[in-house]
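Numbering (my numbering), first residue to last: 2 to 403.
Backbone N, C-alpha and C define an ideal beta-carbon position, used for all residues, glycine too.
On a predicted model such as this, the values are computed, not experimentally measured, just so you know.
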Amino acid sequence: MGTAIRVDNLSKVYRLGEFGTGTLSHDLQRWVARVRGKEDPYITIGEDNDRSIKGGNVVYSLRDLNFEVQQGEAVGIIGRNGAGKSTLLKILSRITSPTTGKVHLKGRVASLLEVGTGFHPELTGKENIYLNGAIMGMRRKEIDRVLDEIIEFSGVERYIDTPVKRYSSGMYVRLAFAVAAHLESEILIVDEVLAVGDAEFQKKCLGKMGEVSKSDGRTVLFVSHNFSSIIELCQKGIYLKNGKVEVIDEVSHAISAYVEKGQSNIARFGDHLEYVKAEQVNDSIVIEAKYNTNIDVDFPLLGFLIKTNLGLPIVASNPLIDLVEYPKGKITKEGMVKVTIKSPRLMDGNYLISIWFGNSNGNVVTELDCMSISVYGMSTQKQYNTALVGHILPVCEWEFYD
């Protein structure tokens, strides 16, 4: 079908404390001082004034990116905060320019990035629909054909003639997505701004993005920290790390690489607990802690609590609950505690792990909310095109009989 997006040697550089931060007069005075080797007259507290150190104030948001996206593909872009995902989308949306490299886009681009971009706050919702369509080169008759669909999808019919500056963030995102998805563009770019909406609307948006990709042949770029959403929508994944492309592959391989490399699953502490490590091993979760105490430990207890990223408790346990037998003799003041959570069948997603460490007489040495873990492929939810709710897939026995 052809290439919709091609990125060649793309880099974006930001200079901290350089020109462009004040008036033209200030910039000229700073330039003169720099040429003469004098102190910057407008240096800020904490800014390095040693001009002999080259590149010290240069930050690469993106560095030497090369990739292609074919027409009709849905591509998920993943990576930690600060990896360069939003910067890449802004460049592809022509909001900002690259420092070096080129971007080739085939067709019109509709993008939904930060809340507040793309709409004029003084205009009503309906006026902003026409404004966005006009910016994309659509005629009024073309916009009229999809106007009712946009309003119905957004669910803000009652407020469509109200200035958007009075919209809540959720209403704003609803209308902005409806506009981006229904106007005639060949490329749809969506940042993780959808997290503002409620769960029902998020699912509705995912369905619409899948529809425009498969049925209409439009190209979709989607940034999210929700792996389940990316798996449901995308065929290809791009994993960004420190502004560079780490992996471009099938979405499952890209997510696996991110889980293995991109996210730290080790938390380090001072007294008592040297580190706690959590990782997914096949269909199990393994939590391991190294302790170092100044008290006698007759039976080391490592309790854990797994919660959703919103703080909802999912599952918890410790050796007493599991009726683990006490080991004979004293335990050394330094040692390891390891727990394997077998087949928890968690839904794909990000989870928080809280741990506490103590001994059998009830003295809690340390209590911490310490780390997170990304779970992928532990449940069978990917195998079936079925909407699943909850966080744990239970083990059930089914019988069919007359």
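- With 16 or more neighbouring CB atoms inside 10 Å of its own CB, cysteine 206 falls in the buried class.
- When DSSP states are grouped into helix, strand and coil, serine 216 belongs to the coil group.
- According to the DSSP assignment, threonine 88 belongs to the alpha helix (DSSP H) that extends over 86-93.
- Across the set Lys343, Ala181, Glu201 and Gln281, the C-alpha of Ala181 shows the shortest separation from the C-alpha of asparagine 133.
- Scanning its chain for C-beta atoms nearer than 7 angstroms, with the 5 sequence neighbours on each side dropped, one finds around arginine 175 the residues Ser155, Gly156, Val157, Gly198 and Phe202, in chain order.
- For histidine 183, the enclosing alpha helix (DSSP H) covers residues 170-183.
- In the DSSP secondary-structure assignment, glutamate 251 is bridged to Lys237.
- Scanning Lys242, Tyr377 and Val338 for the CA closest to the CA of glycine 83 turns up Lys242.
- Between the stretch 130-144 and the stretch 94-108 there are fewer than three inter-stretch CB-CB distances shorter than 8 angstroms, so the stretches are not counted as touching.
- Assignment of valine 191 by DSSP, reduced to helix, strand and coil, places it in the strand class.
- In the three-state reduction of the DSSP assignment, serine 373 falls in the strand class, which pools E and B.
- Residue burial is scored here from C-beta neighbours: proline 122 has fewer than 16 other C-beta atoms within 10 angstroms and is therefore classed as exposed.
- The alpha-carbon of glutamate 187 is positioned some 11 angstroms away from that of serine 112.
- For lysine 86, the closest of Lys237, Tyr160, Lys343 and Phe223 by C-alpha to C-alpha distance is Phe223.
- Rounded to the nearest angstrom, the Cβ distance from alanine 75 to glutamine 236 is 6 angstroms, consistent with a contact under 8 angstroms.
- Residue pairing of asparagine 351 in beta bridges, as defined by DSSP: Ser375.
- Between leucine 302 and proline 314, the beta carbon gap of about 19 angstroms keeps them out of contact (Cβ cut-off 8 angstroms).
- The beta-carbon separation of aspartate 349 and isoleucine 232, rounded to 7 angstroms, stays under the 8 angstroms limit for a contact.
- Sequence-distant Cβ neighbours of glycine 102 in its own chain, meaning closer than 6 angstroms and more than five residues away, are Asp9, Asn10, Leu11 and Ser12.
- Counting other Cβ atoms within 10 Å of its Cβ, histidine 392 reaches 16 or more and is therefore classed as buried.
- Counting along the chain, the unbroken alpha helix (DSSP H) around lysine 142 starts and ends at 141-155.
- By the Cβ-count criterion, lysine 91 is buried, with 16 or more other Cβ atoms from all chains shown falling within 10 Å of its own Cβ.
- Here asparagine 293 is near glutamate 335, since their CB atoms are less than 8 angstroms apart.
- Per DSSP, tyrosine 61 is one residue of the beta strand (DSSP E) stretching across 59-71.
- Of the residues assessed, phenylalanine 178 falls on the buried side of the cut-off, its CB having 16 or more other CB atoms within 10 angstroms.
- Going by C-alpha positions, tyrosine 15 is about 59 angstroms away from tryptophan 399.
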